[in-house]
Amino acid sequence: MWTWFYKLASPPYVYGIAAAFVPWLLSAAALALCYGLVAGLAIAPPDYQQGDAFRMIYVHVPSALLSLTIYTVMAAASAVALIWRIKVGHAVAAASAPIGASFTLAALVTGSLWGRPMWGTYWAWDPRLTSELILLFLYVGVMSLRSAFEDPARGDRAAALLAVVGVVNVPIVHFSVVWWNSLHQGATVVKLGAPSMPGSMLWPLLAMWLGFMLFYGAVLCMRLQGELLNRERQALWVREAIKS
Amino acid sequence: MSSGFWSMGGYARYVWPCFGFAGVILGWNLWSARRAMAAARLRAQRALEIALAEGASQ
Amino acid sequence: MTVGAWEAFVLIVRRELVLSFRRPEQLLQPLVFFLIVTTLFPLGLSLQLSLLRDISPGVLWTAALLSSLLSLDALFKSDADDGTLEQLSLSGQSLTLIVVAKTCAHWLVSGAALVVVSPIVATALGIPVAAFATMMLSLALGTLTLSWLGAIGAGLTIGLRRGNVLLSLIVLPLATPLLIFGAAATERAISGSSAVGAMYFLASVCVFTCTLAPLAATAALRITLE
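Residue numbers (this note's numbering), protein chains in the order written: chain A, 102 to 345; chain B, -13 to 44; chain C, 380 to 605.
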């Protein structure tokens, strides 16, 4: 079992499995997203309070969950890279950052479009929205810091440290609706106990969440290949890899 | 029935841009990742050419 | 001659203070900036003093945050430029101790100075004297936390081009809880209700940061010095 673990620290091995996984992850994502969209837009009944506007949940919640998950992955990969000096960790973190930032933006914009008909405003300075905005700033900070260094290895390490420091914001975003009086509604799915949502509405949401996660996996693998090539340009395995 | 679908109970001007933006983000991710991969390959190719040229000239 | 940890701490703090006071203009600049920024708000909004009081906690805290950012760049920069930082890291003393000493000294000349000047600014913004104690205590905790967040940011951005901008980009998102709770505490004190809850939050953020930030700042310095 441990040999499999050790292999994950090897750039050529990870490059290989990333390349192999992309088509599978993309197809699975497409399937999940198709089902989720059809069921969510057409099959699920309208909400008695929000009418058809509630359907925005099917892109807003997966985006928001993904924005947090990706940051956590980025922070974990960064920690692994810093502690055990495993370069693949830096590649995963660097690949994840722009993806995570884009989904944070998606969460903010889709949430804003949902807020307008529901709360009457495109924006409110409430704890969850504010902390999600801070998450976007943290992503941008990590990306800016990495690119500001002339020595890429040093840039990786500095960005990794910042990613780890900023992870404290992730639980703040998640628990903000519990700790403070928030305009934003409380947790319906990611909480202890049964989800407080009927099945016909819940299944498409889970499918969309799964689809988004698989999509992240696919895009991560795509970017990861490029990041590994960048970091290992001089290595022999790269010569073989780019010939194919 | 189909006009009811598109109007989304009157919320169409929020719902469709919302899904549209999400689609834009997904599309951007694919496009941007592909670009990054191609750029990395190109750089690795150039590095390889330089290394071979140096090796040949020695 | 080996120097004990406490003596090393005192030596470094003393050195920082001596160096800071040799250039008094450098010390005054953030304070003057603090005064200027706080006057910009009433001038720009042309509010009467009584109405100004409503926005004063936010104005005060935003100005304190921004002027603290100005002085953060200097935390490690001059020592990094002339090689002293590397010498200190090779000295055999714990790098964390050095970082703690430098940050404490930095807070004494920037944050503490800000707290001392704050009553003047507060009067200009129409904050009643009864709220001063809470305001100054919240500023003290807030600027201390900020010095530590700044130490992490400064450690990461030493010697970078546009390092100043990047430092602000890194520190400000992490500092938003300070702004929120500090302004809330001052606000409660002004309106006469109990600021205890907000102060507890502020204190817990401060303790959390002061405990973990030294480790992060040391790690940041090691990354830069390698």
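Backbone N, C-alpha and C define an ideal beta-carbon position, used for all residues, glycine too. Everything numeric in this text was worked out from a predicted model, so none of it was measured.
Discussion item. If the cut-off is 7 angstroms on Cβ atoms, which residues from the region 149 to 173 of chain A count as contacting chain B, listed in chain order?
Written reply: Gly152, Asp153, Ala154, Arg156, Met157, Val160, Ser164
Worksheet item: How big is the Cα-Cα spacing for Ala30 (chain B) and Ala198 (chain A)?
Response: Locating residue 30 (chain B) in the second sequence gives position 44, where the first residue counts as 1. Locating residue 198 (chain A) in the first sequence gives position 97, where the first residue counts as 1. Cα-Cα distance, rounded: 22 angstroms.
Discussion item. Whether or not the region 489 to 509 of chain C and the region 531 to 546 of chain C are in contact is what I'm after, with contact meaning three or more pairs of Cβ atoms, one per stretch, closer than 8 angstroms; do they touch?
Written reply: no
Item to complete: Give the DSSP bridge partners of Phe152 (chain A), in chain order.
Response: In the first sequence, counting from the first residue as 1, residue 152 (chain A) sits at position 51. For the sequence presented, residue 152 (chain A) should be read as Gly rather than Phe. DSSP output for Gly152 (chain A) lists A:Asp148 as bridge partner(s).
Discussion item. If contacts are defined as beta-carbon pairs under 8 angstroms, then Met244 (chain A) and Gln151 (chain A) qualify, I think. What distance do you get, rounded to the angstrom?
Written reply: On the first sequence, residue 244 (chain A) is found 143 positions in, with the first residue counted as 1. On the first sequence, residue 151 (chain A) is found 50 positions in, with the first residue counted as 1. Incorrect: roughly 35 angstroms between the Cβ atoms, too far for contact.
Fill in: Close-in-space but distant-in-sequence residues of the same chain around Ile200 (chain A) (CB under 8 angstroms, 5 per side omitted)
Residue numbering aside, residue 200 (chain A) sits at position 99 when the first sequence is read from its first letter. Taken in chain order, the residues that qualify are Ile171, Tyr317, Val320, Leu321, Arg324.
Worksheet item: Tell me which same chain residues have a C-beta within less than 7 angstroms of the C-beta of Asn270 (chain A), skipping the five on either side of it?
Response: Position 169 of the first sequence, counting from 1, holds the residue named residue 270 (chain A). Within the same chain, Asn270 (chain A) has close Cβ partners Ser232, Ile235, Leu236, Leu239.
Worksheet item: Which same chain residues, not among the five before or five after Asp153 (chain A), have their C-beta less than 6 angstroms away from its C-beta?
Response: The residue you call residue 153 (chain A) lines up with position 52 of the first sequence. Here the set comprises Pro147.
Discussion item. Quick check on DSSP: helix, strand or coil for Ala574 (chain C)?
Written reply: In the third sequence, counting from the first residue as 1, residue 574 (chain C) sits at position 195. In this structure, Ala574 (chain C) counts as coil in the three-state DSSP scheme.
Worksheet item: Given Leu126 (chain A), which residues of its chain have a CB within under 6 angstroms of its CB, disregarding the five upstream and five downstream residues?
Response: Position 25 of the first sequence holds residue 126 (chain A). Leu315, Gly318, Ala319, listed in sequence order.
Worksheet item: For Ala110 (chain A) versus Ser164 (chain A), is the C-beta spacing smaller than 7 angstroms?
Response: Looking up residue 110 (chain A) in the first sequence gives position 9. Looking up residue 164 (chain A) in the first sequence gives position 63. For Ala110 (chain A) and Ser164 (chain A), no; Cβs fall outside 7 angstroms.
Worksheet entry | Cβ-based neighbour list, Met(-6) (chain B), same chain, cut-off 6 angstroms, excluding 5 preceding and 5 following | The sequence position of residue -6 (chain B) within the second sequence is 8, counting from 1. Hits under 6 angstroms: Val1.
Discussion item. Is there a C-beta anywhere in chain C that falls below 7 angstroms from the one on Ile235 (chain A)?
Written reply: What you label residue 235 (chain A) is simply residue 134 of the first sequence in a count that begins at 1. Yes, contact with chain C.
Worksheet item: Checking contacts by CB at 7 angstroms: is Val189 (chain A) closer than that to chain B?
Response: Locating residue 189 (chain A) in the first sequence gives position 88, where the first residue counts as 1. No, Val189 (chain A) does not count as interfacial toward chain B.
Worksheet item: Would DSSP call Leu134 (chain A) helix, strand or coil?
Response: Within the first sequence, numbered from 1, the residue matching residue 134 (chain A) stands at position 33. DSSP places Leu134 (chain A) in helix when its eight states are reduced to three.
Worksheet item: Going by the beta-carbon positions, is the gap between Ala592 (chain C) and Val478 (chain C) smaller than 7 angstroms?
Response: To locate residue 592 (chain C), count along the third sequence from 1; it is residue 213. To locate residue 478 (chain C), count along the third sequence from 1; it is residue 99. Taking 7 angstroms as the Cβ cut-off, Ala592 (chain C) and Val478 (chain C) do not qualify as a contacting pair.
Worksheet item: Is Phe313 (chain A) closer than 7 angstroms to Leu167 (chain A) when the C-beta atoms are compared?
Response: In the first sequence, the residue the question calls residue 167 (chain A) occupies position 66. In the first sequence, the residue the question calls residue 313 (chain A) occupies position 212. It is a contact, given that the beta carbons lie within the stated cut-off.
Fill in: Spatial neighbours of Ala119 (chain A) in its chain, beta-carbon cut-off 6 angstroms, leaving aside the 5 residues before and after
For this step, residue 119 (chain A) is matched to residue 18 along the first sequence. These residues qualify, in order along the chain: Cys322, Leu325, Gln326.
Discussion item. Please tell me whether Phe352 (chain A) has its Cβ less than 7 angstroms away from any Cβ of chain C.
Written reply: Chain A is shown only over 102 to 345; residue 352 (chain A) falls outside these bounds and no answer can be derived.
Worksheet entry | Residue-level contact to chain C via CB, Val271 (chain A), 7 angstroms cutoff | Along the first sequence, one-based indexing puts residue 271 (chain A) at 170. With 7 angstroms as the cut-off, Val271 (chain A) does not count as an interface residue toward chain C.
Worksheet item: For Met(-13) (chain B), which residues from the same chain have a beta carbon less than 6 angstroms from its beta carbon, with the 5 sequence-adjacent residues on both sides left out?
Response: Taking the first residue of the second sequence as 1, we reach residue -13 (chain B) at position 1. Bear in mind that the predicted position of Met(-13) (chain B) carries a pLDDT of just 46, short of 50, making it unreliable; the figure below should be weighed with that in mind. Excluding sequence neighbours, Met(-13) (chain B) sits near nothing in its chain.
Item to complete: Note the first and the last residue of the continuous alpha helix (DSSP H) segment covering His285 (chain A).
Response: The count along the first sequence starts at 1 and reaches residue 285 (chain A) at position 184. Note, His285 (chain A): premise wrong, no alpha helix (DSSP H); not H, not E.
Discussion item. Comparing C-alpha positions only, which one of C:Glu404, C:Ser446, C:Ala480 sits nearest to Glu386 (chain C)?
Written reply: For the purposes of this step, residue 386 (chain C) is identified with residue 7 of the third sequence, where counting begins at 1. The shortest Cα separation from Glu386 (chain C) among C:Glu404, C:Ser446, C:Ala480 belongs to C:Ala480.
Worksheet item: Which residues in chain A sit within 8 angstroms of Thr555 (chain C), going by Cβ to Cβ distance?
Response: As a first step, residue 555 (chain C) must be located in the third sequence, where it is residue number 176. By Cβ distance, chain A contributes Thr231, Ile235.
Worksheet item: Within this structure, are the beta carbons of Pro409 (chain C) and Ser526 (chain C) separated by less than 7 angstroms?
Response: The residue labelled residue 409 (chain C) in the question sits at position 30 within the third sequence. The residue labelled residue 526 (chain C) in the question sits at position 147 within the third sequence. No, they are not a contact pair.
Worksheet item: Is Ser203 (chain A) closer than 7 angstroms to Ile11 (chain B) when the C-beta atoms are compared?
Response: Residue 11 (chain B) sits at position 25 when you count from the first residue of the second sequence. Residue 203 (chain A) sits at position 102 when you count from the first residue of the first sequence. Against a cut-off of 7 angstroms, the Cβ pair of Ser203 (chain A) and Ile11 (chain B) comes out as a contact.
Discussion item. Determine, for Leu284 (chain A), whether the minimum Cβ-Cβ distance to residues of chain C falls below 7 angstroms.
Written reply: Translated into positions along the first sequence, residue 284 (chain A) becomes position 183. So no, Leu284 (chain A) is outside the interface.
Item to complete: Output, in chain order, the set of chain C residues within a Cβ distance shorter than 7 angstroms of Leu263 (chain A).
Response: For the purposes of this step, residue 263 (chain A) is taken as residue 162 along the first sequence, with counting starting at 1. Near Leu263 (chain A) (Cβ distances below 7 angstroms), the residues of chain C are Leu535, Ile549.
Item to complete: Closer than 7 angstroms by C-beta to Ala264 (chain A): which residues in its own chain qualify, once you throw out the five before and the five after it? Chain order, please.
Response: Counted from its first residue, the first sequence places residue 264 (chain A) at position 163. If we look at Ala264 (chain A) and ignore the five residues flanking it on each side, its Cβ neighbours are Met175, Ala176, Ser179, Ala194, Val243.
Worksheet item: According to DSSP, is Leu209 (chain A) helix, strand or coil?
Response: By one-based count along the first sequence, residue 209 (chain A) stands at place 108. Three-state DSSP puts Leu209 (chain A) in a helix.
Worksheet entry | For Asp458 (chain C), the three-state DSSP class (helix, strand or coil) | One-based indexing of the third sequence puts residue 458 (chain C) at position 79. In the structure shown, Asp458 (chain C) sits in a helix (DSSP, three-state: H, G or I).
Discussion item. At the 7 angstroms Cβ level, is Val266 (chain A) part of the contact set with chain C, yes or no?
Written reply: Counting from 1 along the first sequence, the entry for residue 266 (chain A) is found at position 165. It does: the Cβ of Val266 (chain A) has a partner Cβ on chain C nearer than 7 angstroms.
Item to complete: Starting from the Cα of Thr482 (chain C), find the closest Cα among C:Thr603, C:Ile602, C:Glu605, C:Leu594 and give me that residue.
Response: For this step, residue 482 (chain C) is matched to residue 103 along the third sequence. Out of C:Thr603, C:Ile602, C:Glu605, C:Leu594, C:Leu594 has the C-alpha closest to the C-alpha of Thr482 (chain C).
Item to complete: May I ask you to list, following chain order, the residues of the region 109 to 122 of chain A that have a beta carbon less than 8 angstroms from some beta carbon of chain B?
Response: none
Item to complete: Please state whether DSSP places Leu329 (chain A) in a helix, a strand or coil.
Response: Along the first sequence, read from residue 1 onward, the residue named residue 329 (chain A) stands at position 228. Three-state DSSP puts Leu329 (chain A) in a helix.
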